[in-house]
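Structure first, commentary second.
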C-alpha cells in the first residue's frame, strides 16, 4: 500500500529535507520515527527537497508499507513519536502510480520579509530582514515579466543539474501587511534556489538597483550575477503541492 | 546617568525575565552582555517580570551607568554582544526619578491562539493551540465586564503577594484573522498570570462552559477555580509599556 503524507515542519534546526552524511534532516527524523513506532523500514520520497532552514506547511511525501492499517492511522502513529517541530497534517492512501515528486503539478511557496533597521528576535525565525521598504509598484510591475513559461536558468544557483531549466510560473502575488512583505508564488516546479533568487531580484527592482530590462535580459540568457543576492532560507515556506 | 532600554525577546529558551538560581534568564543575559562589552556592572530594573516562555517586543528596563557615552550608543554596544533572541530596540537617557517599574502607567499585552485539531510546528512558539473556535460574540460580550477598575484577585495565581489586587483594564480587544485569535489588553498593571487567566476565562465563555454571571461573581470575590485554566506562556507577548 502506498501512503502519502502531508507534513509541516519548522526547518530552523534541520539541514534541509534530504538525508545527507552531515546534519540532521527532516526525512531522516520521520523515517526513524516511523521505524521506532512500527518496526518497519521505509524510504520517504518527497515532492522536492527543501534546503537547510526552509520551512513547510504542506510538504508531500510518499512511502510503501506492508502494514495493514487504516491510512489515517499513519498520521497519528507518526505524530506520537515525532518532535514538536515536525508534524504530519494528513495521511491517505494513493494509487501505486502516484509519485510525490513526478506526479506534482503545481507547488506554492511563500517568502516573508520584514522591514526594520535592526534584527527582530520575534520575527527572525520565519522571515528575512530588509532595511527599508522596496517600492511596491516597481515590484508589482516587474513580477509580471516572470509569470508564464520561461527559461529560468539565470534564476537558479549554478550547481544544479537538471534536464531543462524551463519552468512555468502561474501566479506571483506580493502583499504588504504592517511592515511585512509576503511573496506567494505558484509554479509547475522550481529550480534550485529559484524562489529565493526571484524574491531577491524583485527586491532589487523595488530598490531601483535593477531594471525591468535587466530582468528580461536574465530571462533570455543573461548571467546570474545580474540578479542580486539569494535571499536567506528562513523566509521561505513550502505552502502546498497540488497533484 | 540613568538609561532606559526598550527590549525585544523571544522567551522560548529563557526561564523568564528575572534572575534566579536555576535557569538562564533575560535579565542575566543582558547584564552579562553589558559587562562583557563595557566592563561595568549594572543592575537592570524592568517594568515587571515576565514568566518563563513569555515574549516581549517592548519590555522597558532602566540602569545607572558611570560611563560617558551618548545614550543611543548603549543600544548598539549591547546588540553587538547579545544573542539573536534578545535585542535592544532603543536606549535613551531618563530622569533620575524615572523607575521602569514604579513609573509605568499603562502596559499592553497580546495573547495569541490558533485553532487546529493538531499541534502546528510553525505556530507553536508564539501561540497556544485551541481545538475549536470559541464563540466570538460571547467573548466580546463577556470582556466588557472586565474593562474598568475591579478587584482581580480571582484572576491571579494564588502565590502572589501584592498590596492590592485592584487593577484597571483600559481596553481589551479580541480579533480573529484566518484561524488565529488575538487578545490585546491594556491596563495600569497586571497581577501574576492575570492576562493568561483572563484569556482562559474568556475562551471558556466562548465555549459556553462559563457564564457572564460567573465572571461577575469572580470579580466580586469568588474562587479562582471558577475561571478555567491559565493559558500557556508561549502565547503571551508584552507589547509596550507607557510612562
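Protein chains in written order, with this note's numbering: chain B, 416 to 658; chain Y, 416 to 658.
Note that CB positions come from ideal geometry on N, CA and C, so glycine has one too.
I'd like to know if residue 501/B contacts chain Y, where contact means its C-beta is closer than 8 Å to some C-beta of that chain. Yes, residue 501/B lies at the interface with chain Y (some Cβ there is under 8 Å from its Cβ).
Do residue 462/Y and residue 474/Y count as a contact pair if the criterion is CB distance below 8 Å? It is a contact, given that the beta carbons lie within the stated cut-off.
Rounded to whole angstroms, how far is the Cβ of residue 557/Y from the Cβ of residue 630/Y, which I believe are closer than 8 Å? Contact check for residue 557/Y and residue 630/Y: beta-carbon distance about 6 Å, within the 8 Å limit, so the pair qualifies.
Could you say if the region 611 to 625 of chain Y and the region 542 to 559 of chain Y meet the contact criterion of at least three C-beta pairs nearer than 8 Å? Yes: the two stretches touch, three or more of their Cβ pairs being nearer than 8 Å.
Is it a yes or a no for the region 496 to 509 of chain Y touching the region 521 to 535 of chain Y, going by three-plus beta-carbon pairs under 8 Å? Pairwise C-beta distances place the region 496 to 509 of chain Y out of contact with the region 521 to 535 of chain Y, as fewer than three of them are shorter than 8 Å.
Under the assumption that residue 571/Y contacts residue 546/Y (Cβ atoms under 8 Å), give the Cβ distance between them as a whole number of angstroms. Rounded to whole angstroms, the Cβ separation of residue 571/Y and residue 546/Y is 26 Å, and the two are not in contact under 8 Å.
I'd like to know if the region 422 to 432 of chain Y and the region 465 to 474 of chain Y are in contact, where contact means that at least 3 CB-CB pairs between them fall below 8 Å. Touching, yes, given that three or more Cβ pairs across the two stretches are closer than 8 Å.
Based on the DSSP secondary-structure assignment, which residues constitute the bridge partners of residue 502/Y? Looking at the DSSP assignment, residue 502/Y forms a beta bridge with 423/Y.
DSSP bridge partner residues for residue 590/Y (one or two, in chain order): 597/Y, per the DSSP bridge assignment.
Integer-rounded CB distance, given that residue 644/Y should sit under 8 Å from residue 615/Y: Indeed, because the Cβ distance is near 5 Å, the residues count as touching under 8 Å.
Counting C-beta neighbours from all protein chains within 10 Å, is the total for residue 613/Y 16 or more, i.e. buried, or is it exposed? Residue burial annotation: residue 613/Y is buried, with at least 16 other C-beta atoms found within 10 angstroms of its C-beta.
Please list the partners that residue 504/B has in chain Y, where partner means a Cβ-to-Cβ separation under 8 Å. Within 8 Å Cβ-Cβ: 533.
What residue range does the alpha helix (DSSP H) around residue 471/Y cover? Not the alpha helix (DSSP H): residue 471/Y falls in the beta strand (DSSP E), residues 470 to 479.
Any residues in the region 418 to 438 of chain Y with a beta carbon nearer than 8 Å to a beta carbon of chain B? Which ones, in chain order? From the region 418 to 438 of chain Y, only 423, 424, 425 have a Cβ closer than 8 Å to chain B.
If you draw a straight line from the alpha carbon of residue 541/Y to that of residue 636/B, how long is it in whole angstroms? Cα to Cα, the separation comes out at about 44 Å.
In whole angstroms, what separates the C-alpha of residue 420/B from that of residue 416/Y? Approximately 60 Å between the Cα atoms of the pair.
Distance, residue 526/B Cα to residue 592/B Cα: So the two alpha carbons sit approximately 13 Å from each other.
Taking contact to mean at least 3 C-beta pairs separated by less than 8 Å, is the region 439 to 456 of chain B in contact with the region 477 to 492 of chain B? Touching, yes.
Chain B residues whose Cβ lies nearer than 8 Å to that of residue 541/Y: Around residue 541/Y, the beta-carbon contacts reaching into chain B at under 8 Å are 537.
Quick one: list the residues of chain Y neighbouring residue 472/B, beta-carbon separation under 7 Å, in chain order. Result: 537.
On the criterion of 16 or more Cβ atoms from any shown chain inside 10 Å, does residue 602/B qualify as buried, or is it exposed? Residue 602/B should be labelled buried.
Alpha carbon to alpha carbon, what distance is there between residue 500/Y and residue 439/Y? C-alpha separation (whole angstroms): 13 Å.
Indicate whether at least one CB of chain B lies closer than 8 Å to the CB of residue 593/Y. No - not a single Cβ of chain B is within 8 Å of the one on residue 593/Y.
Residue closest to residue 654/B, alpha-carbon to alpha-carbon, out of 551/B, 510/B, 576/B, 599/B: Shortest Cα-Cα distance from residue 654/B to any of 551/B, 510/B, 576/B, 599/B involves 599/B.
Can you give the beta carbon distance from residue 442/Y to residue 459/Y, rounded, assuming they're within the 8 Å contact cut? Correct: roughly 5 Å between the Cβ atoms.
With DSSP as the reference, label residue 621/Y as helix, strand or coil. Helix.
Are residue 418/B and residue 508/B close, meaning C-beta to C-beta below 8 Å? Their beta carbons are under 8 Å apart, which means residue 418/B touches residue 508/B by this criterion.
Run of the beta strand (DSSP E) containing residue 522/B, from where it starts to where it stops: It spans 521 to 530 - the beta strand (DSSP E) in which residue 522/B sits, taken as one unbroken run.
Am I right that residue 634/Y and residue 586/Y are in contact with their C-beta atoms under 8 Å? What's the rounded C-beta distance? Not confirmed; about 17 Å, so no contact.
Identified DSSP bridge partners for residue 552/Y: Partner(s): none; residue 552/Y has no beta bridge.
Secondary structure at residue 611/Y, three-state DSSP: helix, strand or coil? If DSSP states are grouped into helix, strand and coil, residue 611/Y belongs with the helices.
By how many angstroms is the C-alpha of residue 498/Y removed from the C-alpha of residue 649/Y? Residue 649/Y and residue 498/Y have their C-alpha atoms roughly 19 Å apart.
Residue span of the alpha helix (DSSP H) that contains residue 453/B, given as start and end: Here the alpha helix (DSSP H) through residue 453/B covers 441 to 453.
Assuming contact is defined by CB atoms lying nearer than 8 Å, are residue 651/B and residue 610/B in contact in what I supplied? Yes, the pair counts as a contact, with Cβ atoms nearer than the cut-off.
For residue 692/Y and residue 625/B, what's the separation of their Cα atoms in angstroms? Residue 692/Y cannot be examined here, being either before or after the span of chain Y that is shown, 416 to 658.
With residue 539/Y and residue 531/Y assumed to form a contact (beta carbons below 8 Å), what rounded beta-carbon distance in angstroms separates them? 10 Å between Cβ atoms; not a contact.
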